[in-house]
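**Q** The structure that follows is given in the form of C-alpha cells.
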Amino acid sequence: MQRTSAKALTEVSVPLVCLTDVRKTFPLPGGAPLVAVNDVSLSVAAGTAVALTGPSGSGKSTLLHLIGAVERSDGGTIDVDGQRVTGLSGSALAAYRRRIGFVFQRFHLLPTLTALDNVMAPLIPFRTVFDKAARARELLAMVGLADRSAALPSRLSGGQQQRVAIARALINRPAVLLADEPTGNLDSQTGTAIVDLLLRLRDEHATTLIMATHDTGIAARCDRVVQMRDGCLTSLDG
1 MQRTSAKALT
11 EVSVPLVCLT
21 DVRKTFPLPG
31 GAPLVAVNDV
41 SLSVAAGTAV
51 ALTGPSGSGK
61 STLLHLIGAV
71 ERSDGGTIDV
81 DGQRVTGLSG
91 SALAAYRRRI
101 GFVFQRFHLL
111 PTLTALDNVM
121 APLIPFRTVF
131 DKAARARELL
141 AMVGLADRSA
151 ALPSRLSGGQ
161 QQRVAIARAL
171 INRPAVLLAD
181 EPTGNLDSQT
191 GTAIVDLLLR
201 LRDEHATTLI
211 MATHDTGIAA
221 RCDRVVQMRD
231 GCLTSLDG
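Residue numbers for the sequence shown follow our numbering, beginning at 1 and rising by one.
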C-alpha cells in the first residue's frame, strides 16, 4: 500500500475531515482542568485509513469523540464533509451523528436483541425509504454473519459480536467510520480479522477510517499514522 507523506496529511486539497486548533478540557476538583486535546490540527482525505496511536490517556478517544460529536470541543473548529460540526445542536446535531459510524472496544450490543435487530437499532426511530431489515441482512452478509442473524449476543463469540457492531456502524452508510480500539478485547488472530474487515470496507466503499489503537502492527497497515501524547499530535508518519 502506498503511503502518503506527513506533509500531505496536513495539506490535503479537499479534506473530508478537517480539525483546526481543536481543544478539549475536563474540570478536575480542586485543581487546574485536564487538557485532553490541546490545539490539535489535522486534515484527512476521503477514503483513507488513519491510525491514532499513543499511550493510554494521550487523548485518542477524546479526539474521536469530538469528531463524532459525542463530546463538544472547547475551542477550534471541526469540519466534516463540508459541514461545520462545531456549534451544531438539536436536530442538526442528531442528523450529523447519523452520518458517522462508531465502533468501540466494548461492543455495546443490546443483549435481548438478535444480531439482525442490533444492526437495525440505529434506524428504529426513523422512517426510511428502504427496507431496514434487508439492509441489515446485507451488512451481516458483508461481515460474514449471514447465518447468525437470529443469534443473541450471548451466543456469539467476541469476534462475531464485533462484526455485528461494525455492521451496525455501517447501517447509515457513514462517510466516516471512527473505531476506538476495536481489537482491544479480542485475541490477536480475531483482531487481525477485524482489521482486515475494516480495511476491506475502506477499499470497497471508500469509507474514511480513523482508528485509535495501541497496536503498532495494526497502525502500520493504515495509510497514515498520527501519534498523540498529552493531548497533542507529536508526529505524522508518512
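Virtual Cβ for every residue (Gly too), placed ideally from N, Cα, C. Fair warning: this is a prediction, and the values are worked out from it, not measured in the lab.
1) Would Arg229 and Ile194 be called neighbours here (beta carbons separated by less than 9 angstroms)?
2) Is Arg99 near the ligand SAH, judged by its Cβ being under 8 angstroms from some heavy atom?
3) Can you check the segment 21-107 for any alpha helix (DSSP H) of at least 4 residues that lies completely inside it and give the ranges in chain order?
4) Reducing DSSP to helix, strand and coil, say where Ala133 ends up.
5) Tell me whether the segment 139-158 and the segment 97-104 touch, counting them as touching only if at least three CB pairs, one residue from each stretch, are closer than 8 angstroms.
6) How should Gly31 be labelled, buried or exposed, when 16 other C-beta atoms within 10 angstroms of its C-beta is the threshold for buried?
7) Decide if Thr213 is buried, meaning its Cβ has at least 16 other Cβ atoms within 10 Å, or exposed.
8) Just grab the DSSP bridge partners of Thr208 for me.
9) Any idea what DSSP makes of Lys7, helix, strand or coil?
10) Would Gly82 be called buried (16 or more neighbouring beta carbons within 10 Å of its own) or exposed?
11) In whole angstroms, what separates the C-alpha of Thr234 from that of Val226?
**A** From the atom records:
1) In this structure, Ile194 does not lie closer than 9 angstroms to Arg229 by Cβ.
2) Summarising the ligand content, the structure contains no ligands, and the ligand SAH is consequently not present.
3) 60-67, 90-97
4) helix
5) Taking one beta carbon from each stretch, the segment 139-158 and the segment 97-104 have fewer than 3 pairs nearer than 8 angstroms; the two do not touch.
6) exposed
7) buried
8) Val176
9) Low per-residue confidence applies at Lys7: pLDDT is 39, beneath 50, and the placement is therefore not dependable, though the value from the model is reported in the following sentence. Lys7: helix per DSSP, three-state reduction.
10) exposed
11) 8 angstroms
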